[in-house]
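Working notes for the structure below.
In my numbering, the protein residues as written are 731 to 923.
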């Protein structure tokens with residue numbers, strides 16, 4: 731009995747809407763009535779829209795070490811990898827998809843021998859997965875679009891975030907500041923202004 735007023739209200743609402751809008755459908759909408767020049771169309775970034783064929787081509791171009799690390803959840807040797815000690819200015823992108831991940835501005839020396847960052851680039855989502863391998867529980871981090879194993883996330887970072895993204899160089903490609911626009915990352919130049 732308590733639902734009777736709710737059903738009655740919904741019935742009245744339905745009747746009122748039917749009287750106002752009748753039998754109009756989306757097919758009845760005339761788009762010529764709208765000024766489409768004021769509609770902003772946003773391009774989908776290339777890293778979000780790769781086809782399965784493009785992804786496979788990127789995978790085929792990986793080195794053996796990149797395959798082991800990014801696709802098989804491997805770990806490269808500390809202190810013997812490309813970016814652990816790099817001080818170059820730019821962004822680090824996923825080796826498979828090219829999606830932007832980290833800025834050199836957020837990189838720090840953790841003493842571990844792997845590139846370490848205190849946060850991803852603002853607005854970029856890093857996927858976190860519980861990793862129970864090797865007899866311990868850790869937080870694995872993966873790229874959203876490339877689905878590459880990046881490394882692990884720890885809560886012992888030295889900055890205000892308290893985080894340390896411990897990342898394998900083999901899962902990254904570095905894009906220097908001066909090449910950001912040329913390679914399609916022009917929106918990230920402002921990070922360095």
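Note that the Cβ used here is the ideal one computed from N, Cα and C, for glycine as well. Treat the numbers as computed from the prediction; the structure is a model and nothing was measured.
Would you decide whether residue i is buried or exposed? Buried here means 16 or more other CB atoms lie within 10 Å of its CB.
i, result
"residue 796", "buried"
"residue 810", "exposed"
"residue 827", "buried"
"residue 910", "buried"
"residue 867", "exposed"
"residue 892", "exposed"
"residue 857", "exposed"
"residue 947", "Lying outside 731 to 923, the shown extent of the chain, residue 947 is not represented and no answer is given."
"residue 887", "buried"
"residue 863", "exposed"
Taking the continuous alpha helix (DSSP H) assigned at residue i, which residues delimit it?
i, result
"residue 782", "782-790"
In the DSSP assignment, what are the bridge partners of residue i?
i, result
"residue 824", "902"
"residue 830", "823"
"residue 837", "847"
Just the Cα atoms here: how many angstroms apart are residue i and residue j?
i, j, result
"residue 846", "residue 838", "6 Å"
"residue 917", "residue 738", "53 Å"
"residue 859", "residue 787", "26 Å"
"residue 822", "residue 865", "30 Å"
"residue 851", "residue 919", "12 Å"
"residue 880", "residue 824", "8 Å"
"residue 897", "residue 842", "10 Å"
"residue 831", "residue 873", "8 Å"
"residue 884", "residue 914", "31 Å"
"residue 791", "residue 785", "10 Å"
"residue 922", "residue 808", "28 Å"
"residue 742", "residue 748", "10 Å"
"residue 876", "residue 789", "10 Å"
"residue 870", "residue 890", "21 Å"
"residue 908", "residue 820", "8 Å"
"residue 778", "residue 745", "44 Å"
"residue 840", "residue 855", "22 Å"
"residue 849", "residue 740", "48 Å"
"residue 815", "residue 805", "17 Å"
"residue 835", "residue 912", "20 Å"
"residue 833", "residue 901", "15 Å"
Taking the beta strand (DSSP E) that residue i belongs to, which residues open and close that run?
i, result
"residue 869", "868-873"
"residue 894", "894-897"
"residue 856", "856-861"
"residue 884", "879-884"
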